[in-house]
Structures are given as C-alpha cells and as structure tokens.
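Residue numbers (the working numbering): 8 to 412.
Ideal Cβ positions, reconstructed from N, Cα and C, are used throughout, including at glycine.
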Amino acid sequence: MGRYRYILSYGIRDSWKYARDGWGIALHRICSRTGSFPPSLAHYFVMKYSRIGDVVLDPFSGKGTAPLEACLNGRIGVGNDLSPEAYVLTRAKVRPVPKRRVIEWIDYAERRLDPSSYDVSEVDDDVRAFYSNYTLRQILAVRDLIDETDDEDLANFIKAMMLGILHGPTKIHLSVRCSHSFSMAPGYIKRYVKENGVKKPKRDVLKCLRIKAERVFKDGIPSVKGFAYMNDARSLPIEDESVDLVVTSPPYFNMQTYAWDNWLRLWFLGYTYEEVRRMLFQTESIKKFEGFMTDALKEIFRVLKWNRAAIIVLGRVKLKGKVVDMAELVAPIAEEIGFQVKSIISDSIPKANKYLWYLKEGDGVSKEVILELAKGEFQPNNIQVDWSSAEPLTIIKDYEEVIKA
Ligand SMILES: C[S@@+](CC[C@H](N)C(=O)[O-])C[C@H]1O[C@@H](n2cnc3c(N)ncnc32)[C@H](O)[C@@H]1O
C-alpha cells in the first residue's frame, strides 16, 4: 500500500452517498452547471467539520453549493469563483432576497417592459440561433431592466434566475430544446433547427420567471447571509487565519471547459467566453497543474485558522490516454505547504497507490477522490448525519417573511 490512508466513501455509515437523489433545498437548483458536486456532499462536510457560527469557504465555488449549505446550517458561507456566471450563482445562494421582492420586481417589469423597441438584428447570429425574435426582444429588455435595478442583491438574484431559464429542454426555458446544464455549440443548434424544421418557441419571459420563482423559493432561503467574491483563488480578498473550514473542488485538468460550457450565459451577462477562458485556469499539463495547486493551497493555508480542516474534492481523470489520480498528485504538494494529509476518501480503494495509473479504457475515470487535510490537529464532530430527516437549521419560509414585514 502507499503512504496515505484510504477510506471508502461508501464505507462511511452516514456518507453523502446514502442521501436520496436530488437531496437539498430547491434554491440549490436555481441553475444547473456542469462539474458541480452534490449538495449532500457539501452538507456532510459542513456538518462534520465545522460548528455553528464558523466561516466556511469555497475558493472555487462554481454554483455556490458549499457556501449555501454552510448558510443553511448556521455557518457563514463564503464563495469565490473567477467565472462571472459562477459568481452570479454563488452570490444568489449566499445573498438571496425574499420571494416577495422578486414577485414585486416581476410585477414592476410587467408594467415597464417595452420589448418592441429592441432590434434583434444587431444580436450575434450564434445567440439568435437559440431564440425566436419574439423571445429574444424580451430577453434584451429584461436584461436592461435588471441593470436599472438599484438593489444589487435583487438584481443579482433575477440575473441568476434568468441564467437558470436561458436555455434548456422544458417550457420554462426560453430557447429551442437543448441542454440546461451547459450552453450547446451554436453550429450544432443551427444544423439541428434547419434539418428538423424546428420552430423556435415564443416564450413570455416574465411568465417563465414567475414559474421559476415558485420553484426556487419552494423550500425557503437561509436566514444567515454569506459573502461572494470574483477573484483568482490564488489571491483571495480574505484575512489571514480567518476561515474555519474549506470545502472546495478546483478545476480538473481539461475535463471541464467552464467558459465555453457557459458561453450563452456569459453573453447574457455581457462577457465573451474568450475573455473568460483567458482568465480561468485550464491545462492539460501535469506540471502546470501542480504549480497552480501549489499556489491555490498556499492561499488556503494562509486564510485557514490553525487546528482546522480543508476538504479538497478531486477526481480520477483521463489525461492523454492515462488515468491520473489527482489526490495522489495533490497530497505531496499539500504536505510540502504544511498540511497533514489525514486521509483520501475514495469511491474505490486502489490496489497500490501509484502516482499515475495506467488502467484500461474507462476504468476508474471521473471517480471522486477527496483529500482530507488538516492545518495542525483536527478531529471531526462526533455526530451522525441522518439523511432521512436532515433539515436546514436556518431556513426562512416565505410566510415568516410576510409576518416580519
Ligand atoms: C470543479 S469547479 C467547482 C464546482 C463547485 N464545487 C460546484 O459545486 O459548483 C471549479 C471552478 O473553478 C473555477 N475557476 C477556474 N479557475 C479559477 C481561478 N483561477 N480562480 C478561481 N476560480 C477558478 C471555475 O469557474 C469552476 O467553477
């Protein structure tokens, strides 16, 4: 055996693996995004590795799953992601507004919206491939109205809801039928529309937003607010030794191309995917990945308090025909920085822990491998997560909001 202690994720009695499919409050599902970990995984580590009142940070927060689970359970959730659409989603999770305010905004928009004054011929052909002119005019008008909204958390929340309905396969999605978790290639959509004589749907954007609001607020929102940042994870705007727990998942080699996968959402937010791609970390080189992880882990070490833990969710990924166990790659780097590697939690236990794995096609690819790191001494809380009754601690349902108002 190698030098790290392996724990089988399915062998943990109250593991997140035993949560039912789709576990987590509806706010988690404001917008689907590729490369996300499940809310149950974030919940498990928040409950076991932090306490009420603690600061829980995810420096690569994606759609904000870990910071939301933190806020829901009385911790202060802090999320950071360099991609603008991930920032919007993270902020919506940690600074949600009450449903009442969203409905008031939609009522106001119904009175104010004037889509007829918009000329869609100026919009990029690739974007137009997804929408009827009728729908696209409304999207442009809604975007401008959001920009005029003074309350920044409210404006951000409506943006996040728009990202969630911008494209997808159902009747509340504004586009032709396509994936809702990533923006599909415009060339493919153009061909698909032409070859199949697809009629681009005429949607009433505000009606779709209303239905989205009903769904998103179904289970309430956390009463604890957190913070969202849009920085490089290697230089966070966070003080030294101020964080109690880190739960995060850095970019995996070239497995996810976050900018391209979100190109239509980035267009809606006023960015091009090319400019975002240049900012985000993405590589196929093991050396560059090691360099990036060295800097990112140094930053995590800097902001983390002593005697606290950092949970780094990685994978076993295929790279140029070889399978790479990212935990085995990152563990020595973490030790060099000063962390203790407590364990590697994995979906399967390797026969021999080798740095690189040369396996058959498809073997072990994309399995979760999680590094449990400690800065100093650390023991998880001695509690059991009960997935049949796990309820958020700090939820506000809308009727309570009305009573308070
Ligand atoms: C594996 S994903 C995280 C997903 C997240 N755990 C979730 O559940 O949604 C990695 C994230 O790192 C972000 N990213 C890439 N380079 C970055 C950088 N240099 N600084 C901060 N974030 C970065 C990407 O935008 C992506 O959202």
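Check your understanding: Which residues mark the beginning and the end of the alpha helix (DSSP H) in which residue 299 is found?
Key -> Residues 293-310.
Point to revise | ligand 1 heavy atom lying under 6 Å from the CB of residue 33 | key: For ligand 1, not one heavy atom lies less than 6 Å from the Cβ of residue 33.
Review point. Is residue 258 near ligand 1, judged by its Cβ being under 6 Å from some heavy atom?
Key: True, at least one ligand heavy atom lies under 6 Å from that Cβ.
**Study point:** ligand 1 heavy atom lying under 6 Å from the CB of residue 219
**Key:** At a cut-off of 6 Å, the beta-carbon of residue 219 does not count as near ligand 1: no heavy atom of the ligand is closer than that.
Practice item. Just the C-alpha distance for residue 87 and residue 66, rounded to the nearest angstrom, thanks. Key: C-alpha separation (whole angstroms): 5 Å.
Review point. By Cβ distance below 7 Å, which residues in the same chain neighbour residue 101 in space, the five residues on each side in sequence not counted?
Key: Listed in chain order, the non-local C-beta contacts of residue 101 below 7 Å within the same chain comprise 71, 74, 75, 78, 84, 86, 232, 233, 234 and 235, local neighbours out to five positions each way being set aside.
**Study point:** Sufficient close CB pairs (3 or more, under 8 Å) joining the region 44-62 to the region 8-26
**Key:** Per the Cβ contact rule, the region 44-62 is in contact with the region 8-26 (3 or more Cβ pairs under 8 Å).
Check your understanding: Do you know how far the Cα of residue 323 is from the Cα of residue 44?
Key -> Across the structure, residue 44 and residue 323 are spaced so that their CA atoms are roughly 15 Å apart.
Point to revise | Candidates 166, 139, 140 and 138: closest to residue 151 by CA position | key: Cα-wise, what sits closest to residue 151 is 166.
Check your understanding: Less than 6 Å between the CB of residue 44 and some heavy atom of ligand 1, yes or no?
Key -> Checking every heavy atom of ligand 1 against the Cβ of residue 44, one is found closer than 6 Å.
Review point. Below 7 Å between beta carbons: does that hold for residue 183 and residue 207?
Key: It is a contact, given that the beta carbons lie within the stated cut-off.
Check your understanding: Would residue 212 be called buried (16 or more neighbouring beta carbons within 10 Å of its own) or exposed?
Key -> So residue 212 counts as buried.
Review point. If you drop the 5 nearest sequence neighbours on each side, which residues of the same chain put their C-beta closer than 6 Å to that of residue 47?
Key: If we look at residue 47 and ignore the five residues flanking it on each side, its Cβ neighbours are 23, 26 and 30.
Check your understanding: For ligand 1, is there a heavy atom less than 6 Å away from the beta-carbon of residue 93?
Key -> Relative to ligand 1, residue 93 has its C-beta within less than 6 Å of a heavy atom.
Review point. The beta strand (DSSP E) with residue 15 in it runs from where to where?
Key: Unbroken beta strand (DSSP E) run through residue 15: 13-15.
Check your understanding: Taking the Cβ atom as the reference point for each residue, do residue 94 and residue 237 lie within a distance shorter than 7 Å?
Key -> Taking a C-beta distance under 7 Å as the contact criterion, residue 94 and residue 237 qualify as a contact pair.
Review point. Using DSSP with H/G/I as helix, E/B as strand and the rest coil, what is residue 394?
Key: Residue 394: coil per DSSP, three-state reduction.
Check your understanding: Taking the Cβ atom as the reference point for each residue, do residue 113 and residue 216 lie within a distance shorter than 7 Å?
Key -> Their beta carbons are under 7 Å apart, which means residue 113 touches residue 216 by this criterion.
**Study point:** Collapsed DSSP secondary structure at residue 371 in the structure displayed
**Key:** A caution first: residue 371 carries a pLDDT of 42, below 50, which makes its placement in the model unreliable, though a value can still be read off. Here residue 371 sits in coil by DSSP.
**Study point:** Length of the line joining the Cα atoms of residue 115 and residue 349
**Key:** Looking at the two C-alpha atoms, the distance is approximately 54 Å.
Exercise for review: Count the other CB atoms, across all protein chains shown, that sit within 10 Å of the CB of residue 391; report buried if there are 16 or more and exposed otherwise.
Suggested key: If you draw a 10 Å sphere on the C-beta of residue 391, you find fewer than 16 other C-beta atoms in it, and that means exposed.
Practice item. Name the one or two DSSP bridge partners that residue 150 has. Key: According to DSSP, residue 150 bridges with nothing at all.
Point to revise | Where residue 350 falls: helix, strand or coil (DSSP) | key: Residue 350 falls in the strand class under three-state DSSP.
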